[in-house]
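Chemist: One structure, pasted below without further comment.
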Amino acid sequence: MMFKNSNQIKSYLKKESDRTGISIENCYNTFFARNLLQRISELSYGQIIVKGSFSQMVHAGKMVRPVTDIDLVSTTLNKNDALIILFRAMYTEDENDIIYDLITHPKSTKTGIIKIRPIAKFDKIRHAINIDFNPISNSVLEIQYKDVPRVFIDDKRFYVNTPSFEEHLAEKLCIVSESVRTDVLNTRIKDFYDIYKLHGGNYDVDKFSYYYRLLLTKRNKIDPEVVSCDYINRDFIDKHRNLWDSMSKKYEFLDKDVTIDEAVYYTKGVLNEQIHKLKTKKYTIG
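The sequence shown begins at 232 in our numbering and counts up by one.
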């Protein structure tokens, strides 16, 4: 859809906010992040891989919570070549003459993640989005080429390279498995919601189990032999209830009926099943 001015985009996103139930802020986040991701996908020739909430949307075939940022990795490009592609995507105008400019210089974290902060510019609109980019990542086990579903009425479908559904879900379960400290709150409480919404979808159950075991070993944050779900109990739920309420608003869980009790106990069941496979070594692959 072509927009002549900022008022048309504002009107369009206001209608989409009312239709989808997504806040206007996250409608802007999703709209501009999706627009930029489409450009990146068209310029990267499969060398940049999409993770995070966009990957989740791809595998679910719909949005289970709004897009808050863009998570990218590469298994083949060096840092400079990858950044060149990202910057070309930012400064290549589309049919609406939307461009993206850097708010600050990219910054690297201690773990090697490059934080990029572009701002979308169109007429009078200025909207910042976040990109987390991990160059030369060896964490991707399987890459799939899939289409990004439409979120808003006039969205165009496009394709991205992304880790498999099985790997996406296995990585989330690894994060839950590794977060065993009881003296601090688990700030990744949203992973319990995601697992609740994604588990049981259209993926290979045996491959999911295999990737879970493989990722536990590759990540090397916890010994697979001592993985436990004992810490996930009533006390855990009670301690995290306020955080769940806060995160469900911050990340806008679209399924308002899911409670922390349901999500946590469901995830515990999924984890318990994988722990049983780890101990008995009952795998059909790997």
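Yeah, the Cβ is synthetic: ideal placement off N, Cα and C, and Gly gets one too.
Small disclaimer: the values here were computed from a predicted structure and weren't measured.
1) Considering Cα atoms alone, identify which of 242, 505 and 307 is closest to residue 356.
2) Can you tell me the Cα-Cα spacing of residue 249 and residue 358, whole angstroms?
3) In this structure, does DSSP put residue 358 in helix, strand or coil?
4) Quick check on residue 368: does DSSP put it in helix, strand or coil?
5) For residue 473, which of 264, 278, 350 and 418 has the nearest alpha-carbon?
6) Quick one: which unbroken alpha helix (DSSP H) runs of 4-plus residues sit fully inside the segment 276-343? Chain order, please.
7) When we look at the beta-carbon of residue 378 and count the other beta-carbons within 10 Å, is it buried (16 or more) or exposed?
8) The alpha helix (DSSP H) with residue 234 in it runs from where to where?
9) Suppose contacts are defined by Cβ-Cβ distances below 7 Å. Is residue 395 in contact with residue 373 by that definition?
10) Any contact between the segment 295-314 and the segment 264-280? By contact I mean 3 or more CB pairs, one from each, below 8 Å.
11) Put residue 392 into one of helix, strand or coil per three-state DSSP.
12) From the DSSP output, in three-state form, read off residue 455 for me.
13) Just to confirm, are residue 422 and residue 403 a CB contact at a threshold of 7 Å?
14) Am I right that residue 330 and residue 347 are in contact with their C-beta atoms under 8 Å? What's the rounded C-beta distance?
15) Using the rule of at least 16 other Cβ atoms within 10 Å of the residue's Cβ for burial, across every protein chain shown, is residue 234 buried or exposed?
16) Decide yes or no for the touch test of the segment 336-347 against the segment 279-299: beta carbon pairs closer than 8 Å, at least 3 of them.
17) In or out: residue 260 buried (at least 16 other Cβ within 10 Å) or exposed?
18) Quick check on this structure: which residue in 376, 475 and 436 has the alpha carbon closest to the alpha carbon of residue 401?
19) Skipping 5 residues on each side, what residues in its chain have a beta carbon closer than 8 Å to that of residue 257?
20) If you draw a straight line from the alpha carbon of residue 326 to that of residue 262, how long is it in whole angstroms?
Modeler: Well, looking at it:
1) Considering only alpha carbons, the answer is 242.
2) C-alpha separation (whole angstroms): 20 Å.
3) Of the three classes helix, strand and coil, the one that applies to residue 358 here is strand, per DSSP.
4) Of the three classes helix, strand and coil, the one that applies to residue 368 here is coil, per DSSP.
5) A check of alpha carbon separations from residue 473 across 264, 278, 350 and 418 identifies 418 as the nearest.
6) Taking only runs of at least 4 residues, the alpha helix (DSSP H) segments lying wholly in the segment 276-343 are 283-291 and 310-322.
7) Under this definition residue 378 is an exposed residue.
8) For residue 234, there is no enclosing alpha helix (DSSP H), as DSSP gives it neither H nor E.
9) For residue 395 and residue 373, yes; Cβs fall inside 7 Å.
10) Verdict: yes, contact present.
11) It is a strand residue.
12) If DSSP states are grouped into helix, strand and coil, residue 455 belongs with the helices.
13) Here residue 422 is near residue 403, since their CB atoms are less than 7 Å apart.
14) Under the criterion of beta carbons closer than 8 Å, residue 330 and residue 347 do not qualify as touching, at roughly 15 Å.
15) Classification for residue 234: buried.
16) Because the criterion of three Cβ pairs below 8 Å is not met, the segment 336-347 and the segment 279-299 do not touch.
17) Residue environment analysis places residue 260 among the buried positions, since at least 16 neighbouring C-beta atoms fall within 10 angstroms of its C-beta.
18) Checking every option, the nearest Cα to that of residue 401 belongs to 436.
19) Contacts found: 297, 298, 299 and 483.
20) C-alpha separation (whole angstroms): 15 Å.
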